[in-house]
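K.L.:
Would you mind keeping the following structure in view while I ask a few things?
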Amino acid sequence: MVKKFIFSVSAVFFALPLIFCAAAQAEIQDGNEDYYYEEYDNYNEMEQDYIDSEVVDKASPKQSAVFIPAIILGAAAGLGVTHIVLKAVFSPPAPDPYFRKAEAKHEIVNKADTKIG
Amino acid sequence: MSDLNTKIIPFEFTAQQASHSFARYISRNKLNPTEIFEAARQGRVKPVYFPAFEFGCEITTKLKSECTQREAEEFSAVTVQRELKSRFSGLLALSGDKVDETLFSLLEPYDLQGLKAFDSALAVKADIHQAVLSAEEAFEKIRPEIEQAAVNEIKKTLRDYTSEKTLELSHELDSLDTTNILLPMWVLDCEYKGQPCRLFMNGQTGKIAGVPPRSTNKTVALLGAGAAIGAVIGQLIWMAVKTLW
């Protein structure tokens with residue numbers, strides 16, 4: 000149980016921010032490409048500019064604008080999923096409402112097995 | 000309900016012990032509202048006797064099925080008939096409507112060895128809830144599960160067959176013994192933001208059941224703290240990724 004608990008918490012808290020990092024990174028790249036296309040008349044001009052590393056500073060504000068909400072969202076989703084996982088792992092099954100304490104004795108008094116055909 | 004035919008289980012805990020147990024139960028979950036914890040700590044608990052029935056019964060179950068069995072490489076059909084006599088004792092069913100059955104199941108078990116003849120001195124300091132179900136109605140409530148238990152028992156004898164198709168199934172109640180009983184429970188009745196909250200404690204064993212509402216403020220604070228931790232971890236990962244790449 001303790002191992003399951005540690006595994007669930009670790010997996011969720013570490014995997015989700017990583018996934019969101021990757022998603023945020025992809026978003027940043029897409030955003031940056033749009034940004035570049037808006038700024039330049041043609042791709043070659045943009046590429047040359049990029050090679051010259053002049054656009055790095057321009058892209059930075061966009062990076063944090065995407066990244067911080069993504070991480071907060073990731074952490075909130077991580078908490079939600081952790082809660083569901085832990086609940087599923089630790090919740091005891093609902094007891095049978097009527098046979099909690101009852102005693103039962105059974106006896107087969109008649110038994111017949113007849114082959115057909 | 001409170002007559003000479005009624006049996007009663009006496010309370011084993013005092014109001015102070017019940018309050019202490021409720022307070023400890025509530026404080027286990029940090030998201031439970033402080034108001035409810037305070038209500039328990041201040042001793043806002045009351046003893047209540049809940050009416051119930053204890054049933055003992057004998058039931059005969061007859062089953063006729065068509066089964067298949069495998070012999071060498073061939074399947075053959077077999078008509079199977081079984082008659083089972085089952086005897087149940089100690090079946091409890093509440094006859095009031097103040098406690099949900101699932102909640103009641105969480106408070107169980109009661110030790111029925113502790114049943115005593117009704118004595119007004121035992122019940123004088125506790126409320127006694129009214130029964131709303133007759134013995135027949137209460138038994139009908141639990142009957143499907145009794146019958147299912149009998150069917151399950153019969154089906155254990157059919158495990159050697161590869162398939163089973165029920166053709167006829169009947170149950171006959173041979174005898175039914177009923178005892179009116181009063182079950183002791185401590186009840187913590189309070190409110191949180193206009194929402195009623197009721198927790199129950201088995202007056203014989205001290206087992207507690209019931210789910211208090213969650214504190215909104217504490218939940219928001221926990222989510223905030225979780226989000227902050229997640230953000231810090233994310234930031235660290237981000238910094239590591241940025242450094243490595």
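For the record, the sequence lines run as chains Z and P. With numbering that gives the first Met the number 0 applied, the first sequence covers 0 to 116. With numbering that gives the first Met the number 0 applied, the second sequence covers 0 to 244. We treat Cβ as the ideally placed atom computed from N, Cα and C, and that holds for glycine. Note that the structure is predicted; figures quoted are calculated from it, not measured.
If we define contact as Cβ-Cβ less than 9 angstroms, is Ile115 (chain Z) a contact residue for chain P?
P.N.:
Taking the first residue of the first sequence as 1, we reach residue 115 (chain Z) at position 116. True, the Cβ-Cβ gap to chain P drops below 9 angstroms.
K.L.:
Beta-carbon of Lys206 (chain P) versus every beta-carbon of chain Z: anything under 9 angstroms?
P.N.:
For the purposes of this step, residue 206 (chain P) is identified with residue 207 of the second sequence, where counting begins at 1. Answer no: the Cβ-Cβ gap between Lys206 (chain P) and chain Z never drops below 9 angstroms.
K.L.:
Classify Met184 (chain P): buried if its beta carbon has 16 or more other beta carbons within 10 angstroms, exposed otherwise.
P.N.:
Indexing the second sequence from 1 puts residue 184 (chain P) at position 185. Answer is buried; the Cβ neighbour count reaches 16.
K.L.:
I want to see whether chain P comes within less than 9 angstroms of Pro94 (chain Z), judged by CB atoms only; does it?
P.N.:
As a working note, residue 94 (chain Z) is residue 95 in the first sequence. Interpretation of Pro94 (chain Z) is limited by its pLDDT of 48, a score under 50 that renders its predicted location unreliable; no figure is taken from the coordinates.
K.L.:
Indicate the three-state DSSP secondary structure (helix, strand or coil) for Ala111 (chain Z) in the structure shown.
P.N.:
The count along the first sequence starts at 1 and reaches residue 111 (chain Z) at position 112. Three-state DSSP puts Ala111 (chain Z) in a strand.
K.L.:
CB-CB under 6 angstroms to Phe74 (chain P), same chain, minus the five flanking residues each way: which ones, in chain order?
P.N.:
On the second sequence, residue 74 (chain P) is found 75 positions in, with the first residue counted as 1. Counting only Cβ-Cβ distances below 6 angstroms, and skipping sequence neighbours, we find Thr67.
K.L.:
Go through its chain and collect everything with a Cβ distance to Ala230 (chain P)'s Cβ below 7 angstroms, but skip five positions before and after it.
P.N.:
Stepping through the second sequence from its first residue, residue 230 (chain P) is reached at position 231. Contacts found: none.
K.L.:
My output table needs one value for Ala58 (chain Z): the three-state DSSP class, helix, strand or coil.
P.N.:
Reading the first sequence from its first residue, position 59 is the one you call residue 58 (chain Z). Any reading at Ala58 (chain Z) must be qualified, since the residue scores a pLDDT of 49, below 50, and its modelled position is unreliable; the value itself is stated next. Ala58 (chain Z): helix per DSSP, three-state reduction.
K.L.:
Kindly list the residues whose CB is nearer than 6 angstroms to the CB of Asn201 (chain P), restricted to its own chain and excluding five residues on each side of it in sequence; keep chain order.
P.N.:
Position 202 of the second sequence, counted from the first residue, corresponds to residue 201 (chain P). Hits under 6 angstroms: Leu106.
K.L.:
Quick one: Cα of Glu72 (chain P) to Cα of Lys155 (chain P), how far?
P.N.:
Position 73 of the second sequence, counting from 1, holds the residue named residue 72 (chain P). Position 156 of the second sequence, counting from 1, holds the residue named residue 155 (chain P). Distance between the alpha carbons of Glu72 (chain P) and Lys155 (chain P): 25 angstroms.
K.L.:
Alpha carbon to alpha carbon, how far is Arg43 (chain P) from Pro50 (chain P)?
P.N.:
If you number the second sequence from 1, residue 43 (chain P) lands on position 44. If you number the second sequence from 1, residue 50 (chain P) lands on position 51. Their Cα atoms are separated by approximately 22 angstroms.
K.L.:
Cβ of Leu93 (chain P) within 9 angstroms of Cβ of Leu132 (chain P)?
P.N.:
Here residue 93 (chain P) corresponds to residue number 94 of the second sequence, with the count starting at 1. Here residue 132 (chain P) corresponds to residue number 133 of the second sequence, with the count starting at 1. For Leu93 (chain P) and Leu132 (chain P), yes; Cβs fall inside 9 angstroms.
K.L.:
Would you list, in chain order, the members of the region 142-172 of chain P that have their beta-carbon closer than 8 angstroms to a beta-carbon of chain Z?
P.N.:
Here the close residues are Glu144, Ile145, Ala148, Ala149, Glu152, Ile153, Thr156.
K.L.:
What three-state label does DSSP hand Gly223 (chain P) in the structure shown?
P.N.:
As a position in the second sequence, residue 223 (chain P) is number 224, starting the count at 1. Three-state result, Gly223 (chain P): helix.
K.L.:
Check whether the Cβ atoms of Thr60 (chain P) and Leu166 (chain P) lie closer than 9 angstroms to each other.
P.N.:
By 1-based counting over the second sequence, the position of residue 60 (chain P) is 61. By 1-based counting over the second sequence, the position of residue 166 (chain P) is 167. No. Outside cutoff.
K.L.:
Taking the alpha-carbon positions, what's the Thr113 (chain Z) to Glu53 (chain P) distance?
P.N.:
Translated into positions along the first sequence, residue 113 (chain Z) becomes position 114. Translated into positions along the second sequence, residue 53 (chain P) becomes position 54. Distance between the alpha carbons of Thr113 (chain Z) and Glu53 (chain P) is about 40 angstroms.
K.L.:
Taking Cβ positions only, does Thr242 (chain P) come closer than 9 angstroms to chain Z?
P.N.:
By 1-based counting over the second sequence, the position of residue 242 (chain P) is 243. So, not an interface residue.
K.L.:
I want to know whether the region 235-244 of chain P touches the region 118-130 of chain P - three or more CB-CB distances under 8 angstroms.
P.N.:
Segments in contact, no.
K.L.:
Along the alpha helix (DSSP H) that carries Ser18 (chain P), what are the first and last residues, could you check?
P.N.:
Start at 1 with the first residue of the second sequence, and residue 18 (chain P) comes out as number 19. Where Ser18 (chain P) is concerned, the enclosing alpha helix (DSSP H) stretches over 14-27.
K.L.:
Would you tell me roughly how many angstroms separate the C-alpha atoms of Ile180 (chain P) and Arg69 (chain P), rounded to the nearest one?
P.N.:
Numbered from 1 along the second sequence, position 181 holds the residue referred to as residue 180 (chain P). Numbered from 1 along the second sequence, position 70 holds the residue referred to as residue 69 (chain P). If you take the alpha carbons of Ile180 (chain P) and Arg69 (chain P), they lie about 52 angstroms apart.
K.L.:
Taking 9 angstroms as the CB-CB limit, is Gln80 (chain P) close to chain Z?
P.N.:
On the second sequence, position 81 is the one that residue 80 (chain P) refers to. With 9 angstroms as the cut-off, Gln80 (chain P) counts as an interface residue toward chain Z.
K.L.:
Per DSSP, which residues does Thr5 (chain P) bridge with? Please list them.
P.N.:
Against the second sequence, residue 5 (chain P) aligns to sequence position 6. The partner list for Thr5 (chain P) (beta bridge, DSSP) reads P:Asn179.
K.L.:
Would you mind working out which of P:Ile58, P:Lys124, P:Arg213 sits nearest Cys196 (chain P), comparing C-alpha positions?
P.N.:
Counting from 1 along the second sequence, the entry for residue 196 (chain P) is found at position 197. Out of P:Ile58, P:Lys124, P:Arg213, P:Arg213 has the C-alpha closest to the C-alpha of Cys196 (chain P).
K.L.:
Which full runs of the alpha helix (DSSP H) of 4+ residues lie inside the region 99-163 of chain P, going along the chain?
P.N.:
For the region 99-163 of chain P, whole alpha helix (DSSP H) runs of length 4 or above, ordered along the chain, are 100-106, 119-122, 134-154.
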